[in-house]
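Mind the numbering: the sequence shown is residues 2 to 83 in the working numbering, read in order.
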Amino acid sequence: MQTDDPNTDSSPDATITIVYAHPLITATKTDSLVIDADSNSYPSPGDTLQYSIVIANTGNSPATAVYFMILSQMEILFCLTM
Ligand SMILES: [Ca+2]
Ligand SMILES: [Ca+2]
Numbered sequence: 002m003q004t005d006d007p008n009t010d011s012s013p014d015a016t017i018t019i020v021y022a023h024p025l026i027t028a029t030k031t032d033s034l035v036i037d038a039d040s041n042s043y044p045s046p047g048d049t050l051q052y053s054i055v056i057a058n059t060g061n062s063p064a065t066a067v068y069f070m071i072l073s074q075m076e077i078l079f080c081l082t083m
């Protein structure tokens, strides 16, 4: 059974809905203090941190050729000195 597109004069004619493929990539990076060598409860030199990165596609189509890069080790050094 064909539907009738209410936006056209002819009847019955199928309603056409265009669905666009749209991947939606997110990356979430978290850190935790695993070994607090100096027991001061915050990251400091000599401690051990663990970084976790979750990359997800919540879009409506697969994503291809996705690359994830950490651009600089300075980011890690910056966190250690905070
Ligand atoms: Ca119609
Ligand atoms: Ca510490």
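Glycine included, each C-beta is placed from N, C-alpha and C at the ideal position.
For residue 32, the enclosing beta strand (DSSP E) begins and ends at 26 to 36. Taking the C-beta atoms as reference points, residue 51 is found no nearer than 7 Å to residue 40. Nearest in C-alpha terms to residue 22, of all of 62, 71, 68, is 62. Remark: the C-beta of residue 61 is outside contact range of ligand 2, defined as less than 6 Å to any heavy atom.
Between ligand 1 and residue 9, a heavy atom-to-CB distance of less than 6 Å is present.
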